[in-house]
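Peer 1:
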Ligand SMILES: Cc1cc2nc3c(=O)[nH]c(=O)nc-3n(C[C@H](O)[C@H](O)[C@H](O)COP(=O)(O)O)c2cc1C
Ligand code: SF4
């Protein structure tokens, strides 16, 4: 595949990307975007399956992996069985992840995260604690209850991010990303649709951005030299996507300003996504597979006061209600899936000088190359197309625009992740052979440590 100048798409995509401030260089322009899955022990101790999982992408040719949502504190978990980085005992595990990924020439950036009120399944450790947020209003989709944080609790979270970054550096990771998007704690502060505080952390944008900026400073204070630090941002909140009577939240202009402040604060790169809840009709942009939702949503029955209501809506037996919901979901997404955030990303890139990464529906080499050549972004980050084809970069390098069995953006991986191992659950991609699909999904559990010892 070549463009008018005779350059192939891979000429642009395969070019190394250097981050001038941190000195980090990634061998190509492809970043695996964060993908969370229950691979670890219930208490958040990292497991061998996660290491196998991350190695799949490194072997498949991505330049860097951005980890799953990694909580900086027990109270910031979204589901049990996700590895954490909340204390020093986690350092050897993350070191082992880095070693395995580095063996393939791939970098590893950990996504430092705090759920705030958006906890899918808080787990027994959090059962009797009300979640923390920038508001005492519950989230509107699931009805997850919360209370507005005290100044002391804010200070504690700021410190937790800094300490987690220090652990990441000690583990030999290549950088950190703040999860400041998708409706998690930092986004709950940033968003004018969610944050209703009246102190120095609420009200005008400067105040709503204070938590993120304090976290950035804390990460810098707890790490040496120029440890790579990037921030994932929702360019537009679309906070009223599901319930139109909600407040709209932040618009692009707000996010451009926040990104400029982050550049002033010494952040190395920006990662552009969308939406102030997760999932959101525009993130991951695609379908809402009602049949899967009705099967797995039961796991969230007790997570919020709307769990039971949603479970009834998604129950396929009710017929019209789930179909209506799916129709609404698609309508609120709009017609574009591939490159859905490109225009917003271009606007942010035009207002900063640090590298910018574009997320959302990138599966075609031609699109990725265009994004880079036209200066929409410096690199692309990919989640679902890489779940479907862990070796997507190799297909692109071989000259294909997309792999022979592409991701359909059905979002079955996303909803299955609530209750089942993470992987591609689109049966049509496996010629409707259920066993073949299960073999692929379960492949992450091999080799087990016992098998590896006997290899
Ligand atoms: C199963 C699954 C888990 C995800 N987990 C995370 C996460 O932990 N942190 C995050 O920032 N985004 C997460 N995402 C969102 C992706 O990183 C990405 O923003 C979104 O899927 C759009 O990119 P895509 O079109 O390449 O899939 C997840 C997406 C999926 C499908
Ligand atoms: S289940 Fe498979 S095809 Fe569907 S969105 Fe996920 S990775 Fe893509």
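Numbering (the numbering used here), first residue to last: 11 to 465. Just so it is clear, CB atoms sit at the ideal spot from N, CA and C, and this is done for glycine as well.
So residue 116 and residue 74 are in contact, right, with Cβ under 8 Å, and what is the actual spacing, rounded?
Peer 2: Right, the Cβ-Cβ distance comes to about 6 Å (below 8 Å), so this counts as a contact.
Peer 1: Can you tell which of 462, 367, 194 and 380 has its C-alpha closest to the C-alpha of residue 126?
Peer 2: Answer by Cα proximity: 194.
Peer 1: Shortest alpha-carbon distance to residue 248 belongs to which of 241, 419, 342 and 217?
Peer 2: Comparing Cα-Cα distances from residue 248 to each of 241, 419, 342 and 217, the minimum goes to 342.
Peer 1: Is residue 402 near ligand 2, going by C-beta to nearest heavy atom under 8 Å?
Peer 2: No.
Peer 1: Restricting to Cα atoms, I'd like to know which of 187, 434 and 110 is closest to residue 122.
Peer 2: It is 187 whose Cα lies nearest to the Cα of residue 122.
Peer 1: Among 398, 374, 404 and 401, which residue has its Cα nearest to the Cα of residue 390?
Peer 2: Measuring from the Cα of residue 390, the nearest candidate turns out to be 374.
Peer 1: Would you please state the rounded distance, in angstroms, between the beta carbons of residue 103 and residue 93? I believe it to be under 8 Å.
Peer 2: Yes, residue 103 and residue 93 are in contact; Cβ-Cβ is about 7 Å, under 8 Å.
Peer 1: Could you give the residue range of the beta strand (DSSP E) that holds residue 119?
Peer 2: Counting along the chain, the beta strand (DSSP E) containing residue 119 begins and ends at 117-123.
Peer 1: Under 9 Å, Cβ to Cβ, is there at least one residue of chain B near residue 189?
Peer 2: Reference to chain B is not applicable here, since this structure consists of a single protein chain.
Peer 1: Where does residue 426 fall in DSSP's three states?
Peer 2: Three-state DSSP puts residue 426 in a helix.
Peer 1: Alpha carbons only, please: which of 350, 65, 438 and 306 is nearest the one belonging to residue 431?
Peer 2: For residue 431, the nearest C-alpha among the options comes from 306.
Peer 1: Any idea what DSSP makes of residue 356, helix, strand or coil?
Peer 2: The answer is helix: DSSP assigns residue 356 an H, G or I state.
Peer 1: Name the residue from 61, 436, 243 and 151 whose alpha carbon lies nearest to the alpha carbon of residue 196.
Peer 2: Checking every option, the nearest Cα to that of residue 196 belongs to 243.
Peer 1: Going by beta-carbon coordinates alone, are residue 217 and residue 209 separated by less than 9 Å?
Peer 2: Yes, the pair counts as a contact, with Cβ atoms nearer than the cut-off.
Peer 1: With C-beta atoms as the reference, is residue 182 less than 9 Å away from residue 70?
Peer 2: For residue 182 and residue 70, no; Cβs fall outside 9 Å.
Peer 1: Do you know how far the Cα of residue 31 is from the Cα of residue 335?
Peer 2: Cα to Cα, the separation comes out at about 45 Å.
Peer 1: Please classify residue 114: does DSSP put it in a helix, a strand, or coil?
Peer 2: DSSP places residue 114 in coil when its eight states are reduced to three.
Peer 1: Which runs of the beta strand (DSSP E), 3 residues or longer, sit entirely within the segment 124-183?
Peer 2: Segments of the beta strand (DSSP E) lying fully in the segment 124-183: 141-143 and 156-158.
Peer 1: Looking at the secondary structure, which residues open and close the alpha helix (DSSP H) in which residue 319 lies?
Peer 2: Here the alpha helix (DSSP H) through residue 319 covers 317-324.
Peer 1: Measure how close the beta-carbons of residue 355 and residue 387 come, nearest whole angstrom, since I'm counting them as under 8 Å.
Peer 2: Right, the Cβ-Cβ distance comes to about 5 Å (below 8 Å), so this counts as a contact.
Peer 1: I need the DSSP call for residue 240, collapsed to helix, strand or coil.
Peer 2: If DSSP states are grouped into helix, strand and coil, residue 240 belongs with the strands.
Peer 1: If we require 4 or more residues per run, which alpha helix (DSSP H) segments fall completely within the segment 380-455?
Peer 2: Listed in chain order, they are 394-398, 402-407, 422-426 and 444-452.
Peer 1: Please list the terminal residues of the continuous alpha helix (DSSP H) segment that includes residue 460.
Peer 2: 459-463 is the extent of the alpha helix (DSSP H) around residue 460.
Peer 1: At a cut-off of 8 Å, would you count residue 422 as near ligand 2, judging by its Cβ distance to the nearest heavy atom?
Peer 2: Yes, the Cβ of residue 422 comes within 8 Å of a heavy atom of ligand 2.
Peer 1: Any chance the segment 280-291 sits against the segment 394-402, with 3 or more Cβ pairs inside 8 Å?
Peer 2: No, they do not touch.
Peer 1: Per DSSP, what are the beta-bridge partners of residue 369 in this structure?
Peer 2: BP columns for residue 369 point to 391.
Peer 1: Less than 9 Å between the C-beta atoms of residue 436 and residue 422, yes or no?
Peer 2: Result yes, Cβ atoms of residue 436 and residue 422 sit closer than 9 Å.
Peer 1: Check for me: the alpha helix (DSSP H) holding residue 334 runs from which residue to which?
Peer 2: Counting along the chain, the alpha helix (DSSP H) containing residue 334 begins and ends at 330-343.
Peer 1: Any chance the segment 255-269 sits against the segment 287-298, with 3 or more Cβ pairs inside 8 Å?
Peer 2: The segment 255-269, when compared against the segment 287-298, does not touch it at the 8 Å Cβ threshold.
Peer 1: Looking at residue 379 and residue 19, is the spacing between their C-beta atoms short of 9 Å?
Peer 2: The answer is yes: Cβ separation under 9 Å.
Peer 1: Does the segment 270-281 come within contact of the segment 356-371, defined as at least 3 CB pairs closer than 8 Å?
Peer 2: Because the criterion of three Cβ pairs below 8 Å is met, the segment 270-281 and the segment 356-371 touch.
Peer 1: Less than 9 Å between the beta carbons of residue 173 and residue 131, yes or no?
Peer 2: Result no, Cβ atoms of residue 173 and residue 131 do not sit closer than 9 Å.
Peer 1: By the three-class DSSP mapping on this structure, what secondary structure does residue 46 have?
Peer 2: The answer is coil: DSSP assigns residue 46 none of H, G, I, E or B.
Peer 1: Where does the unbroken beta strand (DSSP E) through residue 232 begin, and where does it stop?
Peer 2: Looking at the DSSP string, residue 232 is not in any beta strand (DSSP E); the run it does join, the alpha helix (DSSP H), is 220-232.
Peer 1: Looking at residue 391 and ligand 4, is the gap between the Cβ and the nearest heavy atom below 8 Å?
Peer 2: Questions concerning ligand 4 fall outside what the structure shown contains, since the ligands it does hold are ligand 1 and ligand 2.
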